[in-house]
Amino acid sequence: MLFRSLILSATIVSVASAADLPVLALWPATPPGETKALPPEGDLTKSTDGVVGGRSVIHLGNVSDPTLTVYRPAADKNTGAAVLVCPGGGYYILAMDLEGTEVCSWLNSIGVTGVLLKYRVPRREGRPEYAAPLQDAQRAMGLVRSHAREWGIDPARIGVLGFSAGGNLSAILCSQHEKRTYPLVDDADQLSCRPDFCLLIYPAYLTDGDNSEALNPALHVTATGTPPTFIVMTEVDAVHVENALFYYLALKRADVPAEMHLYPSGPHGYGLRRTELDVTSWPDRATDWMRTAGWLKR
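Going by the working numbering, the letters in the sequence shown line up with residues 49 to 346, in that order.
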């Protein structure tokens with residue numbers, strides 16, 4: 049386990065170093081609301097955990113020091129767009145490779161800067177499961193905008209992409225961006241934390257309970273506040289397709305530009321590892337959507 053954790057850290061640091069960018073700590077001191085020490089951060093993957101696309105998945109746990117790692121595309125491919133990447137894991141762990149580093153590599157391939165958010169997990173006792181991660185995501189968006197010129201990013205083309213619980217976090221960030229949920233730290237917190245666009249891949253917890261038509265109370269969809277959204281789901285997803293269906297319906301009713309791709313088969317948690325399942329071609333659909341909407345225009 050220690051070896052896998054060291055490999056994970058070395059991979060993140062080496063890629064960031066290649067781009068001449070450090071791994072950035074989100075908070076200058078103890079993150080807001082933290083009162084209890086956690087066991088050491090590390091890969092909690094067990095031998096009994098399954099594989100995806102023939103490979104295992106890193107399950108990073110006990111995150112108490114959230115960070116941003118910036119993956120920049122080649123200079124001749126850079127479109128100026130950026131995406132904050134939020135891995136899933138039920139707010140218990142983070143699937144850091146499947147829904148993190150691999151996603152940033154794909155974003156780089158289409159000329160987008162990938163900013164990987166390592167947010168706090170597991171769920172903090174006595175707080176909503178998304179509370180600490182939302183603080184991290186709000187802080188992260190402000191930091192990305194504050195470094196936009198330095199990183200070759202257009203501050204008006206910064207999106208968010210989330211998987212599963214990370215999709216829930218991304219949707220809540222798109223709802224709760226008018227006011228920070230923590231005391232302001234510095235000038236980065238004076239900048240907008242609203243994503244300019246959003247991609248939700250097999251998102252979880254968007255409805256108020258399984259099979260419910262009502263949205264999660266943390267979500268507020270409005271014509272002017274909610275950014276254009278892209279959604280991918282399968283009809284047989286274990287997290288329940290209703291999460292995608294009723295969130296899409298809320299977007300449509302509010303006249304928020306939205307595109308949803310619903311596939312007949314496929315499990316939960318495939319990331320972007322290609323298999324024979326049609327749903328794993330979603331990165332092609334997402335690229336088309338971003339290009340058509342103008343997010344990839346140089």
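Every residue, glycine too, gets a C-beta built ideally from N, C-alpha and C.
Item                                                                                                                                                       : Value
Can you tell me which of the three DSSP states residue 244 falls into?                                                                                     : coil
Is the separation between the beta-carbon of residue 189 and that of residue 239 shorter than 9 Å?                                                         : yes
Identify which residue in 244, 264, 323, 258 has its Cα closest to the Cα of residue 220.                                                                  : 264
In whole angstroms, what is the alpha-carbon distance linking residue 328 and residue 172?                                                                 : 33 Å
Apply the 10 Å Cβ neighbour rule to residue 208 and answer buried if 16 or more other Cβ atoms are within range, or exposed otherwise.                     : buried
Would the stretch 72 to 91 and the stretch 105 to 125 be scored as touching if the rule is three or more Cβ pairs under 8 Å?                               : yes
Under the DSSP definition of a beta bridge, which residues are partnered with residue 103?                                                                 : 100
DSSP three-state call for residue 198: helix, strand or coil?                                                                                              : helix
Taking C-beta to C-beta, are residue 215 and residue 159 nearer than 9 Å?                                                                                  : no
Does the beta carbon of residue 321 come closer than 9 Å to any beta carbon on chain D?                                                                    : Within the model displayed, chain D is absent; a lone protein chain is all it includes.
Comparing C-alpha positions only, which one of 180, 131, 292 sits nearest to residue 256?                                                                  : 292
Have a look at the DSSP bridge pairing and note the partners of residue 391.                                                                               : Past the boundaries of the shown model lies residue 391; the chain is included only from 49 to 346, so the question cannot be answered.
Where do the ends of the alpha helix (DSSP H) carrying residue 295 lie?                                                                                    : 290 to 301
Where DSSP assigns a beta bridge to residue 281, which residues make up the other side?                                                                    : 310
With DSSP as the reference, label residue 255 as helix, strand or coil.                                                                                    : strand
Determine the DSSP secondary structure at residue 54, reduced to helix, strand or coil.                                                                    : Confidence in residue 54 is poor, its pLDDT being 39 and thus under 50, which makes the residue's placement too unreliable to answer from.
For residue 143, name the three-state secondary structure that DSSP assigns.                                                                               : strand
Can you give the Cα-Cα distance for residue 272 and residue 304, rounded to whole angstroms?                                                               : 8 Å
By alpha-carbon positions, which one of 322, 301, 333 ends up nearest to residue 309?                                                                      : 333
Let me make sure I understand the geometry here. Which of 181, 289, 107 has the alpha-carbon closest to that of residue 97?                                : 107
Under a Cβ-count criterion, where at least 16 other Cβ atoms within 10 Å of its own Cβ denotes burial, should residue 232 be classed as buried or exposed? : exposed
Could you give the distance in angstroms between the alpha-carbon of residue 93 and the alpha-carbon of residue 203?                                       : 36 Å
If you draw a straight line from the C-alpha of residue 296 to the C-alpha of residue 79, how long is it?                                                  : 33 Å
Would you check if the distance between the CB atom of residue 290 and the CB atom of residue 261 is smaller than 9 Å?                                     : yes
Can residue 198 and residue 253 be called in contact, C-beta distance under 9 Å?                                                                           : no
Residue 207 lies in the beta strand (DSSP E); which residues open and close that run?                                                                      : 206 to 211
Taking the alpha carbon of residue 101 as the reference point, which residue from 321, 326, 336 has its own alpha carbon closest?                          : 321
Do the CB positions of residue 249 and residue 280 come within less than 9 Å of each other?                                                                : yes
What residues in its chain sit with their C-beta under 6 Å from that of residue 241, if we drop five residues either side in the sequence?                 : 186, 189, 190, 225
In angstroms with no decimal places, state the Cα-to-Cα distance between residue 63 and residue 149.                                                       : Confidence at residue 63 is low in this model, with a pLDDT of 41, below 50, so the placement of that residue should be treated as unreliable; the coordinate-derived value is given next. For residue 63 and residue 149, the distance between alpha carbons rounds to 10 Å.
Going by beta-carbon coordinates alone, are residue 205 and residue 129 separated by less than 9 Å?                                                        : yes
So which of 181, 184, 155 has the shortest CA-CA distance to residue 344?                                                                                  : 155
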